[in-house]
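Number of protein chains: 4
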Amino acid sequence: MALRNKIFVGAYCMSISIKRESSLTFNNNVSFCVGSGRMGLSLQNIFVKQLELVQKEIGFSHIRCHGLFHEDMSIYHEYKDENGNDHVEYNFTYLDMVLDIYKKAGVRPFIELGFMPKALASGDQTVFYWESNVTPPKSYEKWTDLVKATLSHIVERCGDEAYSYPVEVWNEPNLPGFWKDADMDEYFKLYKVTAEAVKSVGDFRVGGPAICGVDDERWMREFLKFVETENAPLDFITRHHYTTYQPEIKGRYKYQKLHEIEYGFDQLKKTREIVDSFEKVKGKEIHLTEFNTSYDPLCVIHDTNLNAAYVAMLLSRLGDEHASYSYWTLGDIFEEQGVPYSEFHGGFGLVNNSLIPKPTFWTFAFYSKLKGKCVYRSDDSVIVYDGKKYRGVLWNLGDERQLSFNMEDEENGRYCLITKTVDEETCNPLKIWHDMGEERFFTEEEASVVRAGAYPLIKTEKLDSASFDINIKTNGVVYFELYKAELKGDRGYCYEKAVQKFSD
Amino acid sequence: MALRNKIFVGAYCMSISIKRESSLTFNNNVSFCVGSGRMGLSLQNIFVKQLELVQKEIGFSHIRCHGLFHEDMSIYHEYKDENGNDHVEYNFTYLDMVLDIYKKAGVRPFIELGFMPKALASGDQTVFYWESNVTPPKSYEKWTDLVKATLSHIVERCGDEAYSYPVEVWNEPNLPGFWKDADMDEYFKLYKVTAEAVKSVGDFRVGGPAICGVDDERWMREFLKFVETENAPLDFITRHHYTTYQPEIKGRYKYQKLHEIEYGFDQLKKTREIVDSFEKVKGKEIHLTEFNTSYDPLCVIHDTNLNAAYVAMLLSRLGDEHASYSYWTLGDIFEEQGVPYSEFHGGFGLVNNSLIPKPTFWTFAFYSKLKGKCVYRSDDSVIVYDGKKYRGVLWNLGDERQLSFNMEDEENGRYCLITKTVDEETCNPLKIWHDMGEERFFTEEEASVVRAGAYPLIKTEKLDSASFDINIKTNGVVYFELYKAELKGDRGYCYEKAVQKFSD
Amino acid sequence: MALRNKIFVGAYCMSISIKRESSLTFNNNVSFCVGSGRMGLSLQNIFVKQLELVQKEIGFSHIRCHGLFHEDMSIYHEYKDENGNDHVEYNFTYLDMVLDIYKKAGVRPFIELGFMPKALASGDQTVFYWESNVTPPKSYEKWTDLVKATLSHIVERCGDEAYSYPVEVWNEPNLPGFWKDADMDEYFKLYKVTAEAVKSVGDFRVGGPAICGVDDERWMREFLKFVETENAPLDFITRHHYTTYQPEIKGRYKYQKLHEIEYGFDQLKKTREIVDSFEKVKGKEIHLTEFNTSYDPLCVIHDTNLNAAYVAMLLSRLGDEHASYSYWTLGDIFEEQGVPYSEFHGGFGLVNNSLIPKPTFWTFAFYSKLKGKCVYRSDDSVIVYDGKKYRGVLWNLGDERQLSFNMEDEENGRYCLITKTVDEETCNPLKIWHDMGEERFFTEEEASVVRAGAYPLIKTEKLDSASFDINIKTNGVVYFELYKAELKGDRGYCYEKAVQKFSD
Amino acid sequence: MALRNKIFVGAYCMSISIKRESSLTFNNNVSFCVGSGRMGLSLQNIFVKQLELVQKEIGFSHIRCHGLFHEDMSIYHEYKDENGNDHVEYNFTYLDMVLDIYKKAGVRPFIELGFMPKALASGDQTVFYWESNVTPPKSYEKWTDLVKATLSHIVERCGDEAYSYPVEVWNEPNLPGFWKDADMDEYFKLYKVTAEAVKSVGDFRVGGPAICGVDDERWMREFLKFVETENAPLDFITRHHYTTYQPEIKGRYKYQKLHEIEYGFDQLKKTREIVDSFEKVKGKEIHLTEFNTSYDPLCVIHDTNLNAAYVAMLLSRLGDEHASYSYWTLGDIFEEQGVPYSEFHGGFGLVNNSLIPKPTFWTFAFYSKLKGKCVYRSDDSVIVYDGKKYRGVLWNLGDERQLSFNMEDEENGRYCLITKTVDEETCNPLKIWHDMGEERFFTEEEASVVRAGAYPLIKTEKLDSASFDINIKTNGVVYFELYKAELKGDRGYCYEKAVQKFSD
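Going down the list, the sequences are from chains A, H, L and U. Residues 225 to 728, numbered by our numbering, are exactly what the first sequence covers, in order. Residues 225 to 728, numbered by our numbering, are exactly what the second sequence covers, in order. Residues 225 to 728, numbered by our numbering, are exactly what the third sequence covers, in order. Residues 225 to 728, numbered by our numbering, are exactly what the fourth sequence covers, in order.
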């Protein structure tokens, strides 16, 4: 048990007493940003629908993706004129289309500058099924020209609002797969010229080093030392966060175990400490520009209720030290390891490609409602109060349990408790798909059945006081609201008389 | 128990064995027609949305309403010209709007001719909050002119398809409230001249006498005698069917008990017998142009799960003798006893005015899927088979029970069972509304919570053979599908490995 | 010429020179409010679509209608309890539906308090086809209770925003048709108790006397004297404004001549003078809570291009003295003289019942774009400049003419002139409908043809300097934009080469 | 004159007399098929909207595209299992998505089998910016397995309807760019094994050789000889048809002259003659599976009014000998020569990427309404009669002209003439875009202005007899309807009185 940290095994019941006033804090940055794969895929019809669904129920402020400069966005080009002279030209047609889609969905870009256009690359190493070039530029001048032209164009298209879009330099340069030889000095060079180019365009905020958890402490330290020494611009620090062990692989799929709870938080704490040890950046915002359980888009865990509960746990604490934590990714339109072969396939998405929300979707939807003062936090719950309603998110990584709440400051009276339950019995599209035979890609008719089974179970309870029990099954996530609900009953209406048995 | 007919009390479990071949019949005329209150209300924005929702999930073929000739449709007018001469003129603007709304929704009118335009009435007796005149015409010639002009206009607007719209003469003339003095001879006169007028326009099918269950045997007999004697056109017979006793009244609301099951069917059997005793009409179609549990739009029962289960029982048998049975009504936009004072108020609708489907909505949605050969029918179930899938509707007017099914002709193999459950725990918007404080009219935000709780619980089960159990709670309605679902699993995908506990 | 005031007859050409800086003012209150007939009709499906269309292209802030307390809104009720005691109760279901429709369309109510619920009336005089009672209340206490309950409910439903909804007491009490005997003292009494009731609910702004142009000077003077003497609350003054002479009547329709231009403005000036002669209200806002050319919903003029041009003239000047001027009405869903018999029938609407915009619709759409500093105003034009673009509305009540503009402060360069033309040749749905045979109510297919012919003709012109000519036909309204449009031409693109003749 | 064939230069007026009965034929196969670039692009959001728009106004039955087997569709894969054995697997996820999009839009695939998956290719030659492999398969067995698996999957997904989808083998093998070395024997081999594979799946219709106009006579002859000799399945013959001369190139763009009119028809006639000279295929359907004016997606002509008029001419005659002629392409989402750099760029599309219909869009929309008996055909017009209405499409490749029509068999009476005009003055989005500065990619606000200017000018005329004049400007296309339109005028309505001048 020690290994898993604080997860209760065995059924139990716990009593919790809550006051309106508290000195607790809960920084709810859940909706700040979400990831979305490759920018070119934002042009897809299904992606747009996934984004609409996510925005309707969650409402993210920003969106981050790879591949702004990938070939399919078709931005950078070189050509020879009729006299044989070389020229560069930029094509922003698809970028404009993407920006329009974002705007219509009410979301703003968290700009990641990368990868390298083939025509501008110094080598031919690529990453992903879609083969994006990850080598340094053949000319740093042409690269910074590209960066400046692109940001200038965004400003022209989106107006001054564009200066509020955070800009991040490259992605996971600490992995040799994402940056040739994981060459640290080369990255620092890239970072500095790029960050300066960004600042030259206007009042953008710029950040890095966008590393993941491999050799991360050394990278972070060296990066900050470089920034300090070289006086490179740096407005915020970025890193990634994944929480699974190495996979077991079967055919196309990966099976991974989750980290013990404190394992990951310890890593993050370390980053905070390193940052705060540098005078120049002490206390600066850290953005987790990617996080998820598994870092693999074919890891089965993403579609499960366990994932939803584990992410609920993460979301309760990540705001303590981070300005944002961007779930990677919003939808299963994603091709890093190729096009999905099957309806459910362990994709990163909150929503699958038949627009079926996964359990973790609801974890985000529930957290997005937690506005107000924090009145309770524990290892398996966050509760806030806004003056009218108590709202809480509860989760369970252990065995089924019962929680008994008592809102101490509430007088007796008629209360309504609303619960929305997501657990393996009530909201488990993966199981429905499996039972139906693991269809490769649903027809709309099939999808509509599964979709109907992928929504939380809504229940209400009328209470005579502000005390109530909530039951949570293993891997369950429960959202509740509690508020005073005086009866506005119309003249002569009697609910108890309305409800009857035939045999009465 | 005898009184309630065949309703089981006490938990039990029952085993049912089913073969593909059977000599059973089940005439599924559930989707033929639905009622909708007053025609003028079809112009309402919320009505149109209710109709769309009903059509999406159920898909009725026809729609019937009162008040084609009521003042708010503004069809019939008299005026004096500048020389003082009297003229009649017709205004079909609103009728055209209604026909357009029907057309867009994919539904056709089941035309009820009535009530009397005030300018054409011989008296001033009215019915309903909206005060529709129910006296004979002051001039039968002007009345038949009106009928002919209206039907001709419909043909002009809708084309030859219009001839397939059934035409019914008046509504419940056997009640003095709906037809002055319930004057039988006057109705017969009306019927004959009207039916002849209908036929003079073209090949319409015409029917009557549209009576309800008061003095109905005498009326039916006399009507058919009249039709035979007078050789009046008659293509089908119509009557109404309600199944509740006299109400207890509290304030605005009515509390009514349901008839024992056979009570109502006995009434209907009697009608069939009377019809078949006349040579001219023997075997002709009988249409129940209205039916419901209670005949009162403020009777609380309409919003309950009991209503859903009782209607499920009715729908399993009404097709045995009737060409259609039109639920009165599709939505709560309805004003016969005034405008509703409250979100739930016992209205007739399958859908309430915040577009929340009531339990009975799902009874219809479930039945609308029962296509194929009937392989089982009992007092609490209907099951069909279409060569690929078994589909069934089960209901429970008694105590909770378990049904065990075995599809005898199916070989062993991987099967999927889908169930959709509507019962007091899983799909009970009335309770949610009550718990929330019986709001008079929801905001969209409130409505969305209740709406989410007004959809059936979807579950699936993977089976190794075509045998399974289904549990039904009191007042529950369950829809199921069973079909062979071979695993199409992708290379390496293992569901059992995907599903895990954190503590594993 | 004199009679019609300043309308030019005979073709001519005029040169106009414009500077960026000017001391001209143009108060553009065009979008503040629009009228919509009877509140109950806001529930109609087609009304909602008309409102959506109007909001999309024009975007009004407020909407005003009659009949808040009319029977079809079903707000006020009296009943006897089981002990025979009398009670009053209110039903806000339909009011909530209307408020929801407004909210979704982004428009707020300009509340008119009236007419009298039949159950609260002292007499039985009614107005309109829909027979609304126009007699004083049988009990002023019950009336003020009703007012207070209604406003309180609106506050509860809409939140504090509700206090920004202006409240007006009754409608046209100076006409005996709208207020029994046009009894001035009785209205003043009604005004005072009502205004005080309004203020007792909260910080609403209240106004009156909502008179039209009959005996209006005397009414206005006496009303303001009363308000001053009695110290009644009064935050703004309201009156109506129509600009046609008595009609010639043929069958159902009215044919009216328009007032000379200054005729109406002289009336309005008089009102302003009277208001300003009272110390208490000097300089207060005057709202024209209704205006149009004809006051009759069957006056053919409303559908014409002449109406569009005349209204363009009105809109150029009404803001000089009025805080708002609410066009009566947005759509042809309107029943004051009965349900329309025909597709076009002279209805008040900017949009007809097949969602065809009338020429006057575009006058409003064009004016709604006039944001910025006024740089030119004349008898037939208003032009503004916002730092980037010049935007103008031009109209022509006389013979075809040509206007030559020169923007003095603009340097030479590439400019784009966009014009949108609405005149009898290019955007005249009335003519199309007439040519097609004056259909009573279109099918959607027919409507789509006419709708396509009811949009302005869009043209552009490339200029080498900021000088250009615009031609306006009789009864035409033209909108233009002029702005610098440097060529962003792509590499090798040559428009002149792209455009060719086959025979070239 | 001679060179351009039958195009009139110089203004003129011509009188045309038409009878209801005629022996003329006009095979209107205009709506049978349309092209759409690369299949993978069908997943794009804007493509889906382009398809919806095209389907709403034109309504094509089939759609044809390249790249079914291109990498981005991700269908064909090889992998090694854990034991080192090689396997093939197919991924139909994206294909299913495309089929769903087609289905929702009401269109069916015209299946083109090609190009070569890289993993299955024998060489590495590619075509297009998107680099599709055009070499023969490394294994014909694996290729036919792929074909069979794909078609079988389509049947499974779409049901028996799938057998009605025509299947074509490869694209333009007579060009070395599209088929390695334009190797004729290799293509014949491919054709035979593929066609046999197609037939082995079920009752599909299969065709080829999909050649364009290069060395086409020899290819067609040899292909048919091969088919006859080898007894290969062949249900229909396919070829392409473009009608421009070699381009002048400037920067990115191509400027091309159109062929004289008979030049292209002569080519097509030759194909028909060759086909009919083979006993086996004599009289078989010929499908032009691609046609357009220019074959280049950066040829400026596609966006012009000239293109619309020239295509109108083509559409009047192509049905004489061809079962279909598929315009290449429906929308500007297209990447064969890269992503467009500019709003208008000479793309093939009927609709551009801001959903602006081009003039040629309307040519198709107009032709799609020509249903009924042909009563007149000339070099610049086609007119049909359906018993109620005359409908015609007129075009003008020469100088402005006037046509005077007289419908001989019509009695005098009230007629309505509707015209929809597309010419350089009334419906010319290219000019508007140019005048506005040749924007690279519009904002939605800019696009909405241009879109409004991209719809035909609708006019009507009331006639007293079935005689009328229509004026057509150079490069104009005019659609008209003529029908009897008796006045249904309402009581008292007088249009002539309604229309007035202010000064009257």
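Virtual Cβ for every residue (Gly too), placed ideally from N, Cα, C. Please read all numbers here as calculations on a predicted model, not as lab measurements.
Within a 10 Å sphere around the beta-carbon of threonine 249(U) sit fewer than 16 other beta-carbons, which makes this residue exposed. Within the same chain, and ignoring the five residues on either side of proline 397(H) in sequence, the residues whose Cβ sits closer than 6 angstroms to its Cβ are Trp403, Tyr411. Leaving aside the five residues that flank isoleucine 378(U) on each side, the residues in its chain whose CB is nearer than 6 angstroms to its CB run, in chain order, Ala386.
Threonine 453(U) sits exposed, since fewer than 16 C-beta atoms from the chains shown fall within 10 Å of its C-beta. When DSSP reads this structure, leucine 627(A) sits in a beta bridge with Met238(A), Ile694(A). Judged by DSSP secondary structure, cysteine 382(H) falls within the alpha helix (DSSP H) whose first and last residues are 364–382. Annotation: glutamate 486(H) has no Cβ neighbours in chain U at a cutoff of 8 angstroms; minimum Cβ distance is about 45 angstroms.
Per DSSP, reduced to three states, the secondary structure at tyrosine 411(A) is helical.
For proline 333(A), the enclosing beta strand (DSSP E) begins and ends at 332–337. In this structure, the CA atom of threonine 468(U) is about 57 angstroms from the CA atom of serine 260(L). By a beta-carbon distance limit of 8 angstroms, glutamate 392(U) does not contact leucine 458(U). Their separation comes to about 11 angstroms. In this structure, leucine 687(U) places its C-beta atom within 8 angstroms of the C-beta atom of leucine 641(U). When Asp500(L), Asp439(L), Lys504(L) are compared, the shortest CA-CA separation from asparagine 455(L) is found for Lys504(L). Put simply, the CB of valine 524(L) is near chain U, with a gap under 8 angstroms to one of its CB atoms. For aspartate 409(A), the nearest beta carbon of chain U is not closer than 8 angstroms to its own beta carbon. With respect to the C-alpha of aspartate 384(H), the residue from Asp427(H), Ile682(H), Glu649(H), Ile473(H) having the closest C-alpha is Asp427(H).
With fewer than 16 neighbouring CB atoms inside 10 Å of its own CB, leucine 711(L) falls in the exposed class.
Contact of glutamate 313(L) with chain A by beta-carbon distance below 8 angstroms involves Arg715. Sequence-distant partners of tyrosine 609(U) (beyond 5 residues in either direction) whose C-beta falls short of 7 angstroms from its own C-beta, in its chain, are Arg244, Gly596, Lys597, Val599. Judged by DSSP secondary structure, histidine 294(L) falls outside any beta strand (DSSP E); it is assigned neither H nor E.
At a C-beta separation below 9 angstroms, asparagine 269(A) has these neighbours in chain U: Ser266, Leu267, Gln268, Asn269, Ile270, Phe271, Val272, Lys273, Met321, Ile325. Bridge partners of asparagine 516(U) according to DSSP: Tyr466(U). Put simply, the CB of valine 606(L) is far from chain H, with every gap to its CB atoms at 8 angstroms or more.
In this structure, glycine 437(H) lies near glutamine 491(H), with their beta-carbon atoms less than 8 angstroms apart. Rounded to the nearest whole angstrom, the C-alpha separation of phenylalanine 352(H) and aspartate 296(H) is 14 angstroms. By the Cβ-count criterion, aspartate 647(A) is buried, with 16 or more other Cβ atoms from all chains shown falling within 10 Å of its own Cβ. Under the three-state reduction of DSSP, arginine 429(H) is assigned to coil, being neither helix nor strand. Classified as buried, aspartate 556(H) has 16 or more neighbouring CB atoms from the shown chains inside 10 Å of its CB.
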